[in-house]
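Written below as structure tokens is the structure these notes are about.
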Amino acid sequence: MITVTLDALDLSALLCSRVCHDVISPVGAIVNGLEVLEDENDAGMRDFAIDLIRKSARQASARLQFARIAFGAAGSVGATIDLADAEGVARGLFGDEKTKLTWSAPRALFPKNKVKLLLNLVIIAVTAIPRGGVIDVAVTGEAEAPVFVLTCKGSHARIPAHVEALMAGTPESGTVDAHGVQPYYAGLVARAAGMQVGFAIDGDTVTIRAEPAAV
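Right, dumping it as structure tokens:
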């Protein structure tokens with residue numbers, strides 16, 4: 026397999042495309058709601074528009090806060106991140122969604138790249154149960170050598186297509202696009218954090234496990 030290496034400009038451009046894709050939908054809904062408020066006199070429709078704007082603004086904010094930690098700097102080089110903050114932005118992603126999140130982790134500061142990896146694995150976990158279900162996140166071990174186990178249970182559970190190759194940096198296509206950049210980036214972060222990630226499936230349950238890479 027050929028290892029794909031993106032230069033800094035291509036990687037940043039693809040990540041920007043990914044973040045924009047995530048927020049376009051709720052921002053577009055806000056615009057639609059505002060247009061209804063401008064043109065509609067019916068009280069019921071105006072209430073509907075206000076509710077749409079409120080929910081969409083909350084969703085856009087949650088996605089941006091998540092992206093700030095999962096993809097952004099979120100602090101200076103070498104900084105640590107509180108796992109409680111990671112939990113907060115992760116829970117914000119789900120809101121009224123069909124997928125529920127349970128979270129078991131110490132209230133502690135962990136190295137930034139390890140927290141970024143954990144949040145990127147949450148994104149991958151969501152795609153493992155496309156029809157919804159429950160994602161259980163468990164963090165054990167010390168901050169410098171943690172173990173992350175994400176258990177994803179739901180109908181039609183599957184290991185997301187191409188995710189393992191993308192995380193290894195060896196996509197079958199030999200290229201990385203905006204759709205595949207997130208797992209590719211997760212693989213980069215895992216290697217930077219000295220972690221290895223494995224996937225397993227048993228019936229309607231997919232398990233994602235990240236642990237310190239073997240020396």
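Numbered by our numbering, the letters in the sequence shown go through residues 26 to 240 in order. Glycine included, C-beta positions come from ideal geometry on N, C-alpha and C.
Checklist line | Segment limits, beta strand (DSSP E) that includes PHE73 | finding: Counting from one through the sequence shown, the residue named residue 73 turns up at place 48. Run containing PHE73: none in the beta strand (DSSP E); it sits in the alpha helix (DSSP H), 68-95.
Checklist line | Nearest-angstrom Cα separation, counted from ARG116 out to GLY58 | finding: Indexing the sequence shown from 1 puts residue 58 at position 33. Indexing the sequence shown from 1 puts residue 116 at position 91. Whole-angstrom Cα-Cα distance: 25 Å.
Notebook entry, point to check: So, do the region 231-238 and the region 143-163 have three or more beta carbon pairs nearer to each other than 8 Å?
Noted result: yes
Item checked: Whole-angstrom distance between VAL174 and PHE119, CA atom to CA atom -> Numbered from 1 along the sequence shown, position 94 holds the residue referred to as residue 119. Numbered from 1 along the sequence shown, position 149 holds the residue referred to as residue 174. Distance between the alpha carbons of PHE119 and VAL174 is about 19 Å.
Item checked: GLN221 - partner residues in DSSP beta bridges -> The sequence position of residue 221 within the sequence shown is 196, counting from 1. GLN221 pairs with GLU236.
Notebook entry, point to check: Does DSSP put ASP110 in a helix, a strand or coil?
Noted result: If you number the sequence shown from 1, residue 110 lands on position 85. Of the three classes helix, strand and coil, the one that applies to ASP110 here is helix, per DSSP.
Next item on the list: Determine the direct distance from the alpha carbon of VAL206 to that of MET192, and round the result to whole angstroms.
Entry: Position 167 of the sequence shown, counted from the start, is the residue given in the question as residue 192. Position 181 of the sequence shown, counted from the start, is the residue given in the question as residue 206. Approximately 9 Å, taken between the alpha carbons.
Next item on the list: Hey, could you find the ends of the beta strand (DSSP E) GLU63 is sitting in?
Entry: Start at 1 with the first residue of the sequence shown, and residue 63 comes out as number 38. Here GLU63 belongs to no beta strand (DSSP E); instead the alpha helix (DSSP H) covers 33-64.
Notebook entry, point to check: What's the C-alpha gap between GLU197 and ALA190?
Noted result: Position 172 of the sequence shown, counted from the first residue, corresponds to residue 197. Position 165 of the sequence shown, counted from the first residue, corresponds to residue 190. Answer to the nearest angstrom: the Cα atoms are 7 Å apart.
Next item on the list: Within its chain, find whatever has a CB closer than 7 Å to the CB of PRO208; leave out the 5 residues flanking it on each side and keep chain order.
Entry: Taking the first residue of the sequence shown as position 1, residue 208 is located at position 183. For PRO208, where only same-chain residues beyond five positions count, the Cβ hits under 7 Å are ILE149, VAL188, LEU191 and MET192.
Checklist line | Neighbour-count burial assignment, ALA239, 16 or more Cβ in a 10 Å radius | finding: Your numbering for residue 239 matches position 214 in the sequence shown. So ALA239 counts as exposed.
Check: Thinking just about the alpha-carbon of each residue, which of GLY97, GLY228 and ASN138 is nearest to the one in ALA38?
Finding: What you label residue 38 is simply residue 13 of the sequence shown in a count that begins at 1. It is GLY97 whose Cα lies nearest to the Cα of ALA38.
Note to self: Tell me which residues share the same chain as ILE184 and place their Cβ nearer than 7 Å to its Cβ, disregarding the 5 neighbours each side in the sequence.
What the structure shows: Taking the first residue of the sequence shown as 1, we reach residue 184 at position 159. Excluding residues within five positions, the ones whose Cβ falls inside 7 Å are ALA153, PHE224, ILE226 and VAL231.
Next item on the list: Name the one or two DSSP bridge partners that PRO171 has.
Entry: Position 146 of the sequence shown, counting from 1, holds the residue named residue 171. The partner list for PRO171 (beta bridge, DSSP) reads GLY166.
Next item on the list: Decide if the region 47-57 is in contact with the region 105-112; the criterion is three or more beta carbon pairs, one per stretch, under 8 Å apart.
Entry: no
Note to self: At the level of alpha carbons, what is the spacing between GLY179 and CYS41?
What the structure shows: Within the sequence shown, the letter at position 154 stands for residue 179. Within the sequence shown, the letter at position 16 stands for residue 41. Looking at the two C-alpha atoms, the distance is approximately 30 Å.
Item checked: For PHE135, the nearest candidate out of MET70, GLU167 and SER81 (CA to CA) -> Position 110 of the sequence shown holds residue 135. Out of MET70, GLU167 and SER81, GLU167 has the C-alpha closest to the C-alpha of PHE135.
Next item on the list: Using DSSP bridges, identify the partner residues of GLY158.
Entry: The residue you call residue 158 lines up with position 133 of the sequence shown. Answer is THR124.
Margin query: Bridge partners for LYS178 per DSSP, in chain order?
Written below: Your numbering for residue 178 matches position 153 in the sequence shown. Answer by DSSP bridge pairing, in chain order: VAL159 and THR230.
Next item on the list: Determine the closest residue to ALA170 out of ARG93, ASP35 and MET220, with distance taken between C-alpha atoms.
Entry: Position 145 of the sequence shown, counting from 1, holds the residue named residue 170. When each option's Cα is compared against that of ALA170, the closest is MET220.
Note to self: Taking its Cβ as the centre, do 16 or more other Cβ atoms sit within 10 Å of LYS6, making it buried, or is it exposed?
What the structure shows: The chain is shown only over 26 to 240; residue 6 falls outside these bounds and no answer can be derived.
Margin query: Using C-beta distances below 6 Å, list every residue in its chain close to ALA218, excluding the 5 sequence neighbours before and after it, in chain order.
Written below: The residue given as residue 218 occupies position 193 in the sequence shown. Only ASN138, LYS139 and LEU142 meet the Cβ criterion.
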